[in-house]
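Line by line, the protein sequences are chains L and E.
Going by our numbering, the first sequence opens with residue 259, and the numbers climb by one from there.
Going by our numbering, the second sequence opens with residue 787, and the numbers climb by one from there.
Encoded as structure tokens, the structure appears first; notes follow it.
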Amino acid sequence: MNKRPSRASRRSFLAKATGAGAASLLAPAARVLAAGPVGSSGALGFAELPDGALAEQALYALPGKVPLIKKTFRPPNFETPVEYFRTAVTPNKAFFVRYHLAGIPQVGAKEWSLSVGGESAERELKLGLAQLKSEFKPAQVTAVCQCSGNRRGLFEPHVTGVEWGVGAMGNAVWRGVRLKDVLAKAGVKAGALEVVFDGADHPALEKTPDFVKSLPLEVALDDNTLVAFEMNGAPLPHWNGFPARLIVPGWTGTYWVKHLASVKVVSQPEKNFWMSAAYRLPKGRFKTPSFQSQVAAANEPITSMVVNSLITSLRSGQQIARGKPLEVKGVAWDGGAGIARVEVTTDSGATWQPAQLGRDLGRFSFREFSLSAPTRSPGSTVVMARATSTSGETQVEQLIHNPAGYHHNVVQRIYVEIV
Amino acid sequence: MRTVLVIGAMLFAGAAAAQESKVVLKDGPGRDKAQACVACHSLDYIQMNSRFLDKAGWTASINKMINAFGAPIEKADVEAIAAYLAANYGAVPAGK
């Protein structure tokens, strides 16, 4: 920590760290900045949300939830505040809420059933919740559910959509049955290509495409793909898909269909709006797996998550008394390779040290990390964390901009002042 | 999917609906036409996506709502709504 940037250079790197809009919130207002408005991404060392998004959002508790960051009321989109990511498992009551369509039925456990069929299934099934629990072997996985557009609001230039900060994600222990066991009971014919999922939610208007998603057959048949009815040892909360939802560990949340109602095995690519037009990435920009049957000329569907991390113990602009250790803590995750290491710098990138990793809860889970650094001399510095997966993928320094605002895994830059 | 399993969805969403009614669009010409957006979503979507779109950007958003989602908006009203959104929720010109 021998770098002592001048006020001017501190201003310039704070601006870089948090976006130009934060430049006016400098040292005299450091305490205000440290507290920050609700859900400010600038306060976490990222580019700031659109000003309208920041002004509109506020803490609001949906029934059964703690106060979350309200992005929109209808359909409900609510983000988890950063303090809930200080543990590896996200509490159900604080888990983010994301819907595309405003028609959200309150589904009863006794009335619910899952229809299984499609032209590439040998037979049709209708399974009730009790039947699902008693006729199939239980399965469990700890996995991160992250919205494809998590951190969209941090894009520069901004792109349209739900302007998420960092909290459109959560990690939970999901318990249910393996989708492959359910599909085996229905029988999968030769020539099956995709499996198509529909939930009980529906659009406000007939003309709006219903939210229907598909997976490649091999992903549907993966051991880790579940029909889950429990989350962290309790029934799924209503807002997270009660009574059953799809769990696709490693893949982004768009595939994790809530209030799951039907599963169809098909021989042709699913062509509805939510597959063919939405959730698309420019081709070849990311090294994530390809969803072969859905690749188009210009773009392809988003698939698994990119490696990422979040520092949860510090706020940008925070003052730390010299002599007190700088505690850097947070979580890291990726698309299922597992976290190999998290490196942390507390001297604006001059040196990087390996953080200590927390308990391994499996390759799909958040992995906690921590590093304690001494603070010997006063001055300003930037704290960063950089996660690397076991497949060698590392977080990026520069945003890979794409029109829909997906896969933001830019290294966080938290400005801290040692006083 | 519309099923018989729907049990009082509106009842459950009642408190949020009351909160939603507090979200109002800014006054200005075209506001009445922009009010059509409320058929499918709360109006906080508009404020949330501000202020970074110019009029062409807002026009593209409205057209997406009509073409992809079937929004009940007359083609003839697109211009007025885009002008309203650009004026009240549009990108701030450099230097302001």
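Note that beta-carbon positions come from the ideal geometry of N, C-alpha and C, so glycine has one too.
Proximal chain L residues relative to residue i, where beta-carbon distance stays under 8 Å
i: residue 811 of chain E; result: Result: empty, since nearest Cβ-Cβ is about 12 Å, beyond 8 Å.
Chain E residues whose Cβ lies nearer than 9 Å to that of residue i
i: residue 318 of chain L; result: 802, 805
i: residue 310 of chain L; result: 832, 833, 834, 835, 836, 837, 838, 875
i: residue 421 of chain L; result: 834, 835
i: residue 531 of chain L; result: 854, 855
Listed by chain order, chain E residues near residue i by CB distance under 7 Å
i: residue 462 of chain L; result: 825, 826
i: residue 622 of chain L; result: The premise fails here: residue 622 of chain L is roughly 28 Å from chain E at the closest Cβ pair, so nothing lies under 7 Å.
i: residue 535 of chain L; result: 854
i: residue 360 of chain L; result: 826, 827
i: residue 333 of chain L; result: 827
Among the options, the one whose alpha carbon lies nearest that of residue i
i: residue 564 of chain L; options: L/575, L/328, L/597; result: L/597
i: residue 854 of chain E; options: L/667, L/616, L/551, L/463; result: L/463
i: residue 440 of chain L; options: L/392, L/461, L/625; result: L/392
i: residue 654 of chain L; options: L/648, L/662, L/666; result: L/666
i: residue 459 of chain L; options: L/383, L/407, L/356, L/382; result: L/356
i: residue 473 of chain L; options: L/532, L/566, L/417, L/328; result: L/532
i: residue 680 of chain L; options: L/617, L/419, L/484; result: Given that chain L is displayed from residue 259 to residue 677, the structure contains no residue 680 of chain L and the question cannot be resolved.
i: residue 572 of chain L; options: L/566, L/389, L/580, L/584; result: L/584
i: residue 669 of chain L; options: L/418, L/377, L/536, L/424; result: L/424
i: residue 870 of chain E; options: E/819, E/826, E/808, E/834; result: E/819
i: residue 508 of chain L; options: L/402, L/576, L/476; result: L/402
i: residue 443 of chain L; options: L/674, L/535, L/522; result: L/522
i: residue 334 of chain L; options: E/826, E/856, E/866, E/815; result: E/826
i: residue 807 of chain E; options: E/821, E/814, E/864; result: E/821
i: residue 630 of chain L; options: L/623, L/569, L/558; result: L/569
i: residue 646 of chain L; options: L/566, L/619, L/295, L/358; result: L/566
Counterpart residues of residue i in DSSP-defined beta bridges
i: residue 456 of chain L; result: L/470, L/520
i: residue 335 of chain L; result: L/330, L/356
i: residue 316 of chain L; result: L/328
i: residue 563 of chain L; result: Note: residue 563 of chain L sits in no beta bridge, so no partner.
i: residue 627 of chain L; result: L/588, L/615
i: residue 540 of chain L; result: L/557
i: residue 673 of chain L; result: L/640
Buried versus exposed, by CB contacts within 10 Å (16 or more), residue i
i: residue 396 of chain L; result: exposed
i: residue 286 of chain L; result: Residue confidence for residue 286 of chain L is low, a pLDDT of 35 falling below 50, so the modelled location carries little weight; the figure read from the coordinates is stated next. Residue 286 of chain L comes out exposed.
i: residue 608 of chain L; result: exposed
i: residue 341 of chain L; result: exposed
i: residue 328 of chain L; result: buried
i: residue 671 of chain L; result: buried
i: residue 659 of chain L; result: exposed
i: residue 650 of chain L; result: exposed
i: residue 283 of chain L; result: Reliability of the predicted coordinates at residue 283 of chain L is poor, the pLDDT of 35 falling under 50, and the value obtained from them is presented with this limitation in mind. Buried is the call here.
i: residue 281 of chain L; result: Any reading at residue 281 of chain L is ruled out, since the residue's pLDDT is 33, under 50, leaving its predicted position unreliable.
i: residue 503 of chain L; result: buried
i: residue 476 of chain L; result: exposed
i: residue 404 of chain L; result: buried
i: residue 526 of chain L; result: exposed
i: residue 788 of chain E; result: Confidence is the limiting factor: at residue 788 of chain E the pLDDT is only 44, short of 50, which leaves the residue's position unreliable, though a coordinate-based value still follows. So residue 788 of chain E ends up on the exposed side.
i: residue 830 of chain E; result: buried
i: residue 480 of chain L; result: buried
i: residue 802 of chain E; result: buried
i: residue 214 of chain L; result: Past the edges of chain L, shown from 259 to 677, lies residue 214 of chain L, and the structure says nothing about it.
i: residue 574 of chain L; result: buried
Proximal residues of chain E, C-beta to C-beta of residue i below 8 Å
i: residue 330 of chain L; result: 827, 828, 830, 831, 834
i: residue 313 of chain L; result: 833
i: residue 554 of chain L; result: None at all; the shortest Cβ gap to chain E is about 16 Å.
Chain L contact residues for residue i, given Cβ-Cβ distances below 9 Å
i: residue 839 of chain E; result: 416, 418
Residue i: contacting residues in chain L (beta-carbon distance under 7 Å)
i: residue 856 of chain E; result: 463, 465, 466
Would you call the stretch 476 to 490 of chain L in contact with the stretch 430 to 448 of chain L, where contact means no fewer than 3 C-beta pairs closer than 8 Å? With a cut-off of 8 Å, the stretch 430 to 448 of chain L and the stretch 476 to 490 of chain L count as touching, because enough Cβ pairs lie within range.
Do three or more CB pairs link the stretch 318 to 328 of chain L to the stretch 351 to 358 of chain L at distances below 8 Å? The answer is yes - the stretch 351 to 358 of chain L touches the stretch 318 to 328 of chain L, with three or more Cβ pairs under 8 Å.
Taking three-plus beta-carbon pairs below 8 Å as touching, is the stretch 842 to 861 of chain E in contact with the stretch 443 to 459 of chain L? They do not touch, by the three-pair rule.
With contact counted as at least three CB pairs below 8 Å, one residue from each stretch, are the stretch 308 to 321 of chain L and the stretch 372 to 382 of chain L in contact? The answer is no - the stretch 372 to 382 of chain L does not touch the stretch 308 to 321 of chain L, with fewer than three Cβ pairs under 8 Å.
Inter-stretch contact at 8 Å, needing at least 3 Cβ pairs: the stretch 605 to 619 of chain L / the stretch 538 to 554 of chain L: Verdict: no, contact absent.
Do the stretch 827 to 838 of chain E and the stretch 408 to 425 of chain L touch if we need at least three Cβ pairs shorter than 8 Å? Three or more beta-carbon pairs drawn from the stretch 827 to 838 of chain E and the stretch 408 to 425 of chain L are found closer than 8 Å, and the two stretches are therefore classed as touching.
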